[in-house]
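*Asks:* Supplied in structure tokens, the structure appears directly below.
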Amino acid sequence: MQKQERRPTIMTLEEVARFLRLNKSTIYRMAREGTLPAWKLGNVWRFKKEAIEDWIVNSQRAHEQKHHRKS
């Protein structure tokens with residue numbers, strides 16, 4: 001059996017906005033500020049879906065830890 005090559009899923013700004021259910025301008029600002037994992041390819045932003053999913057998990061953990069400490 002051949003080993004299947006696994007390539008990362010690359011998303012556009014519009015796709016990430018739909019995925020996160022946020023406005024495109026919010027995604028653009030977050031990418032520009034470095035809040036959201038992204039890179040520029042020429043004049044356009046690109047995002048690895050796996051990195052966005054990791055960012056969601058890590059953001060949720062940080063949020064939970066922050067609120068857990070207040071209790």
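Per full-length UniProt numbering, the sequence shown starts with residue 1, numbered consecutively.
C-beta: ideal position from N, C-alpha, C; glycine also.
Quick one: what's Met11 bridged to in DSSP?
*Replies:* Answer is Phe47, bridged to Met11.
*Asks:* Taking the alpha carbon of Leu36 as the reference point, which residue from Asn43, Ser59 and Gly42 has its own alpha carbon closest?
*Replies:* Closest by alpha carbon: Ser59.
*Asks:* Is the number of C-beta pairs between the stretch 46-59 and the stretch 9-20 that are closer than 8 Å three or more?
*Replies:* These segments touch.
*Asks:* Could you spell out the range, first to last residue, of the alpha helix (DSSP H) harbouring Arg6?
*Replies:* Careful: Arg6 lies outside any alpha helix (DSSP H) and carries neither H nor E.
*Asks:* Going by DSSP, what residues sit across from Leu41 in a beta bridge?
*Replies:* BP columns for Leu41 point to Val44.
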